[in-house]
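For the sequence shown, full-length UniProt numbering begins at 1 and goes up steadily by one.
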Amino acid sequence: MMRKVILLFSIVFLAGYVFAQKDKTWNMKLGLYASKIVFENLPSEYSVTVYDSLINPSNMGKIAERGSFDTRLNGSLMIYKEKVLKNWLSALVGVGYRQRGYRSQKGYVTSPTASPNGFIKKDIEVSLRYLSTDIALRFYLYKHWYLLTTGRFDLLVAKKSTQEHEYLANNIKNFDISPSIALGKEIAFKGYALLIEYEVNRSLHNISTLPPAIVNFSATTFRNFTYGFNVGIKF
């Protein structure tokens with residue numbers, strides 16, 4: 001509890017400091033990226049592509065120790081205020097909207113022979129929508145190239161899931177803390193600076209509330225994982 005209070009105080013203090021400065025600039029960025037959930041100790045009926053319990057009942061009750069679902073294309077819109085601290089360092093505070101989620105497939109065997117007519121494949125999709133707050137430091141490297149390190153705080157505000165994975169989606173926590181790192185470049189354009197970044201982002205902690213799939217075994221864990229591009233403008 002004390003760590004959360006200290007963390008919250010630090011966020012509020014830094015955000016207040018940046019927004020209170022007069023010599024600051026705005027950044028607006030659009031993101032397009034692939035996202036998925038990385039899991040551990042997931043019940044096999046959710047992790048396998050082909051659900052073959054009719055052919056091999058021994059698969060029921062097993063778990064997938066490590067893996068990930070398929071990627072889903074998502075987007076974000078973020079607005080930042082930036083305070084220049086040194087000629088090589090800036091602090092940024094941003095708020096906005098961010099999508100996450102994943103895709104998967106599930107196969108149903110409708111007959112023991114599993115002929116083409118006895119197999120049904122269904123696409124699965126889970127969409128997670130967050131209000132996002134970023135606290136970032138931008139380190140300028142060489143000729144307008146920079147490294148952006150970010151602490152990200154996401155509040156889950158909406159989710160949508162295919163029926164087969166509703167149980168998993170309903171057991172995702174409402175709050176996610178994650179670090180991200182991006183390599184970017186500023187490009188001068190008519191008095192403004194265009195921003196192009198490649199970013200990688202992964203949850204710091206488990207975001208699942210699922211209980212252990214097997215008695216006396218570790219609980220299921222989920223972590224958001226995204227990678228992709230941001231484009232924006234600095235003004």
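Heads up, the beta-carbon is just placed ideally off N, CA and C, and yes, glycines get one too. Only a predicted model underlies this, so the values are computations on that prediction, with no experimental measurement involved.
For the segment 163 to 172 against the segment 131 to 148, are there 3 or more C-beta pairs whose distance is under 8 angstroms? no
Per DSSP, what are the beta-bridge partners of N230 in this structure? G31, E197
Just checking my contact of S178 with R152 at CB under 8 angstroms: how many whole Å lie between their CB atoms? 5 angstroms
In whole angstroms, what is the alpha-carbon distance linking K234 and F222? 35 angstroms
Going by DSSP, what residues sit across from W145 in a beta bridge? K185
Looking only at C-alpha atoms, which of P212, I207, A219, S218 sits nearest to R100? I207
Does DSSP classify T49 as helix, strand or coil? Confidence at T49 is low in this model, with a pLDDT of 44, below 50, so the placement of that residue should be treated as unreliable; the coordinate-derived value is given next. T49 falls in the coil class under three-state DSSP.
Tell me, please, which residues DSSP counts as bridged to P179. G151
Looking only at its chain, what residues have a beta carbon closer than 6 angstroms to the beta carbon of I187, apart from the 5 residues adjacent to it on each side? L194
Please report the distance separating the alpha-carbon of N211 from that of F39. The sequence given here has Pro at residue 211, not Asn. Approximately 13 angstroms, taken between the alpha carbons.
Taking the C-alpha atoms as reference points, what is the distance between Y102 and E197? 22 angstroms
In whole angstroms, what is the alpha-carbon distance linking G94 and I79? 5 angstroms
For W88, which of S218, Y140, K24 has the nearest alpha-carbon? Y140
Grab me the residues of E154's own chain with a C-beta within less than 6 angstroms of its C-beta, minus the 5 sequence neighbours each way, in chain order. Here residue 154 is Asp; the residue named in the question, Glu, does not match the sequence. Only Y130, S132, D176 meet the Cβ criterion.
For the beta strand (DSSP E) that contains E82, what are its first and last residues? 72 to 86
If you drop the 5 nearest sequence neighbours on each side, which residues of the same chain put their C-beta closer than 6 angstroms to that of S90? E82, V84, R138
Beta carbon of L92, beta carbon of L30: below 9 angstroms? no
Can you tell me whether D208 is helix, strand or coil according to DSSP? Position check: residue 208 holds Ser in this sequence, whereas Asp was assumed. It is a strand residue.
Where S44 falls: helix, strand or coil (DSSP): helix
Exposed or buried, which one is A136 when buried takes at least 16 other CB atoms within 10 Å? buried
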